[in-house]
Amino acid sequence: MLSAKARPKDASRRHILAGGLATAALKFPTIVRAARPVLFGLTPVFLDSDIQLIADLERYLSRHIGRPVQLVKRRTYQEITSLLVANQLDAAWICGFPFVQNREHLRLVAVPLYRRAPLYRAYIVTRAGRESESIHSLRGDIHAFSDPDSNSGFLATRSLLAGLRESASTFFARTFFTFGHRNVIRAVASGLAHSGSVDGYVWDVMREIEPALVLGTRIQHISDPMGFPPVAAARGVDPVLRSAIAAALISMPDDPNGRAILSMLRLDGFVAGESSLFDSIAEHWKRVQELG
Amino acid sequence: MIAAFHPQRWPLAVRAPLVVALLMIGIAAAISKVVLDRLARDQAQSFRQLTGAYLDGLSTALHSPVIRQEPWEAFDVLDRARHKYSGVNPRIVLVILPNETVLAALDPATYPVGLKAPEKARADRGEPDLGDPGGHVWVHRTLREGGKEIGRIAAEIDISKIQQVRQETFWTLLGVNGALTLLFAGLGWFVVHRTLRPLLRLSTYLARAGDGRLEPIPESKLPPPDTEAGKVYRRYNAAALAVSEREALLHRLADQERRALLGRYASAIAHEVNNPLGGLFNAVRMIQRYGDDPERRDRAATLLERGLTGIRNIVRASLVVWRGETDHQTLTTGDIEDLRFLVESEALRRDLTLEWLNELGTESSIAAQPFRQMALNLALNACAASPPGGRVCFSVRSDRDQTVLHISDEGPGLPADSRAMLLAAGATSANDANGGLGLWIVARIVSDQRATISIEGPPGTAITIRIPHAQPDLRTAA
């Protein structure tokens, strides 16, 4: 469930791919449109237990778009982003960081509303019971990141360290990627990592769903609000399809099945959103790039 | 004292169950060892298979993370496998790189990434010992790529459950075998005791035979005749009856011997009485003829008195000797002197010189009748054995503890069988007497009176019998 929530961000990336595919469909109207489902990408945070959520989301989108929808999952953010940019997906729920990185290739479809705002925060967590008063006390840690293309699970912490004129490799004794926000929490709770960078939305929802695991960690640092991982589509995707996907997502609170999905995702709904929501993430990226 | 505790002296009813118990203990120990050895082999094989499957699964999944040295993926593999091998109870699992640092551990808080692998996890000590007192063993699996070691898995497996099963099996075997041993020992005691009961009863009757009473077992206590015990009991009763009849026969024989002896001495007495009779008749005729002559009358009266005195003495001695078997009077000097008349008569008849010494004191407390019979038999035998003109010595002495009878003659010496019969002190039967029933009776009396006998000669024969005074009962032997 937690992973499911993290994935909506990646799903935006797949929209880009979906757009590309939609464009192709216009060129070969009848055959392609009738044979090819809409491909909707999701980042790999989902667990097997979220299969029900995937099935429900597929069914909901298919019904509201008027075409069959196939959800596509991959192991890393990068895989989904690449598929989206390469028009192999019509749309995808991606992270804000790859959206910023590929802003010229992608079109924003919708942004989830979490706690009534299209915003979320990045957390740096440590093991529960650890005495650490500031980010400085994490120096020399073994640190777990989520994904190299994750904003909250990588970029935000690097940006924070850049503000300290530090890089992850100099500040931490060792770092590794777990390729999932839930895995970051597992790594920290088990003691494999001393600290970790995790999506605040994922951590909050996991605390509700898997308190035994999450209570093994403690929030050490909370970032400023940033744009929630969006649903994006490639620029080449048929605007009609893109609009249909956006409409289906935005109208979710008006539909019982949509509300059920939102409930599972602990989201309030979707809004069209503005690209400027992700400017702060762009700032983080810029800061990291400046540090080299 | 120690000999009394020797197992050979233990009752069979104790020894047999004890042997059964010892056998059961031996069998139980052997069975237990076989079972425990087999259990140990099976557990070792099962442990090898389980840990082998566990390490195979881990090594397959860890191969890629170890090559890429990805701590999270390696940990994820260990963590996901944590509950998938219920038969294996890993306490510590380490993924160790060739530089002996930890890449991942099942418990990363204790064994963090980059830690130097603990010494106990470094060496592959070969086949794990499931009897390890610590309750855990280490197993190892090397990970290779292209023949080159890329890392290894070291896992400490909790074997306390395996050891617990062994312990439970051991105690179960001990309990069951112990109970069976006690049960069989009890059954053994019961069966043996029940089996031996007729034998023990027979043993009781045989023990009474040692006291001279060989009583038949009452009919009411006889087992059925078709049983082994029934047959044995009936054989015993038959033997007891035979012994009883033999005893009666011996009594009759002894009585006949006495009567034969009586006959011999009746003739001797008649001879002794007949000798003075001529003088007595002469004295009577002298009185009839010269009764008016005081001198001749007095001389005839003196002759009459002397002759009658001799007859009276002979008669008195005969009465004393053949007084009857109910005489339980204590031996006195007079008894010895009474014998003297009888023996002197025989000595005179055989032209022997009799030396008689009577030093019986007042301390003697032995019974008169058996002593008289014994002494008379020996003295007459001595007279019979002596050649004419020979010397027979008879002496009786006593002190505080014993009375000693000594009789010697100048005959050819006792025959070997007679000597053996006397020295056997009653252990032989009357059948061995070879006609010398008198000596056999002497031997029986010696035995009954707990006396000791010594025989010297040839030349001649000298028999010494020492009769202790502390005799509660001097029974007549014949």
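In order, the protein sequence lines correspond to chains X and U.
So the first sequence is residues 1 to 292, counted in the numbering used here.
So the second sequence is residues 1001 to 1478, counted in the numbering used here.
Glycine is no exception: its CB is placed at the ideal position from the N, C-alpha and C atoms.
Any heavy atom of the ligand NAD closer than 7 Å to the beta-carbon of U:Pro1198? Among the components modelled here there is no ligand, and therefore nothing to report on the ligand NAD.
If we ignore side chains and look at the alpha-carbon of each, how far apart do U:Leu1183 and U:Thr1110 end up? For the purposes of this step, residue 1183 of chain U is identified with residue 183 of the second sequence, where counting begins at 1. For the purposes of this step, residue 1110 of chain U is identified with residue 110 of the second sequence, where counting begins at 1. U:Leu1183 and U:Thr1110: Cα-Cα distance of roughly 55 Å.
Any C-beta of chain X under 8 Å from that of U:Ala1154: Here residue 1154 of chain U refers to the residue found at position 154 when the second sequence is read from its first residue. No, U:Ala1154 lies away from the interface with chain X (no Cβ there is under 8 Å from its Cβ).
Where does X:Gly227 sit, in a helix, a strand or coil, going by DSSP? Here residue 227 of chain X refers to the residue found at position 227 of the first sequence. Residue state, collapsed to three classes: strand.
Exposed unless 16 or more other CB atoms sit within 10 angstroms - verdict on X:Glu274: Residue mapping note: residue 274 of chain X aligns to position 274 of the first sequence, counting from 1. Classification for X:Glu274: exposed.
Whole angstroms are fine: how far does the CA of U:Ala1074 sit from the CA of X:Ala246? Translated into positions along the first sequence, residue 246 of chain X becomes position 246. Translated into positions along the second sequence, residue 1074 of chain U becomes position 74. So the alpha carbons of these two residues sit roughly 40 Å apart.
Do the region 1358-1373 of chain U and the region 1329-1340 of chain U meet, that is, are 3 or more Cβ pairs less than 8 Å apart? yes
CB-CB length for U:Thr1101 against U:Ala1081, believed under 8 Å: In the second sequence, residue 1101 of chain U corresponds to position 101, counting from 1. In the second sequence, residue 1081 of chain U corresponds to position 81, counting from 1. About 21 Å separates the two Cβ atoms, so there is no contact after all.
List, in order along the chain, the chain U residues whose C-beta lies closer than 9 Å to that of X:Gly196? The count along the first sequence starts at 1 and reaches residue 196 of chain X at position 196. Correct list: empty, because the minimum Cβ distance to chain U is about 10 Å.
Any idea what DSSP makes of U:Trp1010, helix, strand or coil? If you number the second sequence from 1, residue 1010 of chain U lands on position 10. U:Trp1010 falls in the coil class under three-state DSSP.
Establish whether the CB of X:Ser169 and some CB of chain U are separated by less than 8 Å. For the purposes of this step, residue 169 of chain X is taken as the residue at position 169 of the first sequence. So no, X:Ser169 is outside the interface.
If you follow the alpha helix (DSSP H) that U:Thr1076 is part of, which residue opens it and which one closes it? As a first step, residue 1076 of chain U must be located in the second sequence, where it is residue number 76. For the sequence presented, residue 1076 of chain U should be read as Asp rather than Thr. Counting along the chain, the alpha helix (DSSP H) containing U:Asp1076 begins and ends at Pro1071 to Ala1081.
Starting from the C-beta of U:Thr1060, find all residues in its chain whose C-beta is less than 8 Å away, skip the five residues before and the five after it, and write them out in chain order. Stepping through the second sequence from its first residue, residue 1060 of chain U is reached at position 60. Excluding positions up to five away in sequence, the list is empty.
Can you pull the chain X residues whose beta carbon is under 7 Å from the beta carbon of U:Ala1185, in chain order? On the second sequence, position 185 is the one that residue 1185 of chain U refers to. Here the premise fails: no neighbours, minimum Cβ distance about 59 Å.
For U:Ala1375 and U:Arg1234, the rounded distance between their alpha carbons: Locating residue 1234 of chain U in the second sequence gives position 234, where the first residue counts as 1. Locating residue 1375 of chain U in the second sequence gives position 375, where the first residue counts as 1. Cα to Cα, the separation comes out at about 42 Å.
Can you give me the Cβ contacts of U:Pro1353 inside the same chain, cut-off strictly under 8 Å, excluding the 5 residues immediately before and after it? The residue you call residue 1353 of chain U lines up with position 353 of the second sequence. Looking at the sequence provided, one finds Thr at residue 1353 of chain U rather than Pro. Cβ within range, chain order: Ala1347, Gly1389, Gly1390, Arg1391 and Val1392.
Interface residues of chain X facing U:Pro1108 [CB-CB closer than 7 Å]: Residue 1108 of chain U sits at position 108 when you count from the first residue of the second sequence. The answer, in chain order, is Ser190, Gly191 and Leu192.
Which residues, taken in chain order from the region 73-97 of chain X, show a beta carbon closer than 9 Å to some beta carbon of chain A? Going by chain labels, chain A is absent from the structure shown, which instead holds the protein chains X and U.
Here's a check: name, in chain order, each residue in its chain whose Cβ is nearer than 7 Å to the Cβ of X:Arg186, leaving out the five neighbours to either side. Counting from one through the first sequence, the residue named residue 186 of chain X turns up at place 186. Closer than 7 Å at Cβ, skipping near neighbours: Leu213.
So which residues on chain U does X:Arg174 lean against when the C-beta distance must stay under 7 Å? Here the question's residue 174 of chain X lines up with position 174 in the first sequence. Those within 7 Å of X:Arg174 in chain U are Val1113 and Gly1114.
Is the beta carbon of U:Arg1466 sitting closer than 8 Å to the one on U:Ala1451? One-based indexing of the second sequence puts residue 1466 of chain U at position 466. One-based indexing of the second sequence puts residue 1451 of chain U at position 451. Yes, the Cβ-Cβ distance between U:Arg1466 and U:Ala1451 is below 8 Å.
In chain order, each alpha helix (DSSP H) run of at least 4 residues that lies wholly inside the region 1322-1359 of chain U: 1333-1349
Run down chain X in chain order and give the residues with a C-beta less than 7 Å from the C-beta of U:Pro1071. Numbered from its first residue, the second sequence carries residue 1071 of chain U at position 71. Within 7 Å Cβ-Cβ: Phe176 and Leu192.
If contacts are defined as beta-carbon pairs under 8 Å, then X:Phe228 and X:Leu138 qualify, I think. What distance do you get, rounded to the angstrom? Mapped onto the first sequence, residue 228 of chain X falls at position 228. Mapped onto the first sequence, residue 138 of chain X falls at position 138. Not a contact, Cβ separation roughly 26 Å.
Helix, strand or coil, according to DSSP, for U:Gly1147 in the structure here? Counting from one through the second sequence, the residue named residue 1147 of chain U turns up at place 147. Residue state, collapsed to three classes: coil.
Contact list for U:Ala1104 against chain X, beta-carbon separation under 8 Å: Here residue 1104 of chain U refers to the residue found at position 104 when the second sequence is read from its first residue. In chain order: Leu192.
Candidates X:Asp149, X:Leu241, X:Glu166 and X:Ala156: which alpha carbon is nearest X:Thr178's? As a working note, residue 178 of chain X is residue 178 in the first sequence. The option with the nearest alpha carbon to X:Thr178 is X:Asp149.
Under 8 Å by beta carbon: chain X residues contacting U:Phe1075: Translated into the one-based positions of the second sequence, residue 1075 of chain U becomes position 75. In chain order: Ala187, Ser190 and Leu192.
In its own chain, which residues sit with a C-beta less than 7 Å from the C-beta of X:Phe154, not counting the 5 before and 5 after it? Counting from one through the first sequence, the residue named residue 154 of chain X turns up at place 154. Same-chain partners within the cutoff: Phe145, Ser146, Asp147, Pro148 and Ser197.
Inter-residue Cα distance where the pair is U:Ser1365 and U:Thr1403: The count along the second sequence starts at 1 and reaches residue 1365 of chain U at position 365. The count along the second sequence starts at 1 and reaches residue 1403 of chain U at position 403. Taking the straight line joining both Cα atoms gives about 9 Å.
Select from X:Asp199, X:Gly258, X:Asp255 and X:Gly216 the residue whose C-alpha is nearest the C-alpha of X:Phe97. Within the first sequence, residue 97 of chain X is the residue found at index 97, counting from 1. Checking every option, the nearest Cα to that of X:Phe97 belongs to X:Asp199.
Measuring only between beta-carbons, confirm whether X:Ile261 sits less than 8 Å from chain U. By one-based count along the first sequence, residue 261 of chain X stands at place 261. No, X:Ile261 lies away from the interface with chain U (no Cβ there is under 8 Å from its Cβ).
Where does the unbroken beta strand (DSSP E) through U:Asp1399 begin, and where does it stop? Taking the second sequence and counting its residues from 1, one reaches residue 1399 of chain U at position 399. Element bounds for U:Asp1399: n/a, residue is neither H nor E.
Beta-carbon spacing of U:Ala1104, U:Leu1078 below 8 Å: Taking the first residue of the second sequence as position 1, residue 1104 of chain U is located at position 104. Taking the first residue of the second sequence as position 1, residue 1078 of chain U is located at position 78. Cβ atoms of U:Ala1104 and U:Leu1078: closer than 8 Å.
Taking 8 Å as the limit between beta carbons, can you name the residues of its chain near X:Leu21, skipping five residues before and five after? For the purposes of this step, residue 21 of chain X is taken as the residue at position 21 of the first sequence. With a pLDDT of only 37 at X:Leu21, under 50, the local geometry of the prediction cannot be trusted, and no value is derived from it.
Looking at the C-beta of U:Asp1079, does it have a partner C-beta in chain X at a distance below 8 Å? Along the second sequence, one-based indexing puts residue 1079 of chain U at 79. Yes, because at least one Cβ of chain X sits closer than 8 Å to the Cβ of U:Asp1079.
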